[in-house]
Amino acid sequence: KVRWAIVGASQIARSWVAKAIQSVPDAELVAVVSRSADRGRAFADDLGIPVSATSLKSLLAETAIDAVYVSTNNDRHRDDTLEAAAAGLHVLCEKPLGLTLYDAVEMARTCDRAGVVLATNHHMRGAATHRAIRDLVLTGQIGRPLAARVMYCEYLPKELQTWRTKDKTQGGVIYDLTVHNVDVLRFVLADEPVEVMSMKASSLIGENGVEDQVQSIVNFASGLIAYMHEGQVFAHHETALEIHGTEGSIYGRGILDEAPSGRVYVRRGTEMTEIPVEPANLYATTIARFNAAVLHGDRPAATGWDGVASLATALAVRRSAQEGVRVSVPRFE
Ligand code: NDP
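FYI, my numbering numbers position 140 of the sequence shown as 149, with every residue one higher than the one before it.
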């Protein structure tokens, strides 16, 4: 079994990831680490977690752990991951992997050198809909993909309009959703972004110049052109993922979410066919893949280097939007 600790008593850990760990047969959720003893204890009690601690160091002095899920604020991912890696722990880290490319590369390299698994919680890779779309693309069902569109547009709930919408150093929709959209495209297309052009805005809820929507055009290595739109201000927008190829088009409707949701269609000419998809919990799928990486050396759903790649493109988006220029995306292996 993989013995897990959650680092950071966060909303996403409470809503989804703790239960996902508890639902996977070869995983055991042993502990939560929170800077606040009270909040940590309440989190542990509510979710049936045996141990709560106020630091990883104090936890490890008394409790055996194999892996941590780093679910802290974006500006703590680097330090929390490096501390865990130094203790020989495997790490599933939330996105964005780091705030800078330098930090993210350091995290990936350090974990590689320490011989521990680093994965990024790009949970969309756990969606049955996204896996179905990737299969359709990679088995040639729509011929050669020529263009893609991905729209992760939602309304950020009031209770989450805290650091995400106010804090310029770690907030904004680019760290929040652009990294996901980039990873979605990389995953379903098995292709790499090479260049972006973007525009951003603080339309409604972003404060202090923090962006709450951004739109981009992305060139991929294959020559495919993609359009990406991420927004936290749309109460009525359906999320969508489309891929248009020489032999057909794929339409994914309502498929960017935390819950299993949405439908997938293939259109040829004017004929639209729904592709049957068996829903699965995105986070449980991610945890199961992570466990397989720890226990059997498999590849996690999204590696640390996938997190580096999605951040590299997201930061290119930010620079393009800030400076009004086309920006090349650096590649890291
Ligand atoms: P929260 O704002 O809920 O929590 C972030 C940190 O703040 C926690 O780790 C906790 O740290 C502290 N905290 C939590 N509640 C309170 C409180 N009431 N008062 C003071 N401090 C508090 O973060 P989110 O869950 O929204 O996001 C956490 C991470 O997960 C982010 O990196 C985000 O980008 C990512 N995320 C990923 C998603 C995905 O599906 N992949 C979805 C949503 C978020 P501590 O316990 O140590 O004090």
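Ideal placement from N, C-alpha and C gives every residue a C-beta, glycine not left out.
Cβ separation of residue i and residue j, assumed to be a contact under 8 Å, to the nearest whole Å
i, j, result
"methionine 133", "aspartate 192", "7 Å"
"valine 338", "alanine 113", "13 Å between Cβ atoms; not a contact."
"alanine 230", "valine 203", "5 Å"
"alanine 235", "alanine 141", "About 19 Å separates the two Cβ atoms, so there is no contact after all."
DSSP state of residue i mapped onto helix, strand, coil
i, result
"alanine 18", "coil"
"serine 207", "strand"
"glutamine 31", "helix"
"serine 80", "coil"
"glutamine 150", "coil"
"phenylalanine 229", "strand"
"isoleucine 234", "strand"
"glutamine 224", "strand"
"glutamate 342", "coil"
"leucine 169", "helix"
"glycine 240", "strand"
"threonine 187", "helix"
"alanine 268", "coil"
"alanine 123", "helix"
"threonine 219", "Reading the sequence as shown, one finds valine at residue 219 and not threonine. Coil at valine 219, not helix or strand."
Whether residue i touches residue j by CB criterion (9 Å)
i, j, result
"glycine 306", "cysteine 102", "no"
"methionine 160", "leucine 265", "yes"
"leucine 155", "histidine 238", "no"
"glutamine 222", "valine 182", "yes"
"valine 39", "alanine 73", "yes"
"alanine 199", "arginine 143", "yes"
"leucine 65", "alanine 96", "yes"
Residue(s) in a DSSP beta bridge with residue i
i, result
"valine 326", "Valine 326 is not bridged to any residue."
"threonine 294", "For threonine 294, which the question treats as bridged, DSSP gives no partner whatsoever."
"threonine 312", "Ala128"
"isoleucine 252", "Ala157 and Ile259"
"valine 197", "Answer by DSSP bridge pairing: none, since valine 197 is not bridged."
"proline 9", "Residue 9 lies beyond the range of the chain shown here (10 to 342); nothing can be said about it."
"histidine 245", "The partner list for histidine 245 (beta bridge, DSSP) is empty, contrary to what the question assumes."
"methionine 281", "Arg276"
"leucine 106", "According to DSSP, leucine 106 bridges with nothing at all."
Worksheet entry | Touching by the beta-carbon criterion (3+ pairs, under 8 Å), the segment 109–124 and the segment 291–300 | no
- Touching or not, the segment 117–136 and the segment 186–202, by the rule of three or more beta carbon pairs under 8 Å? yes
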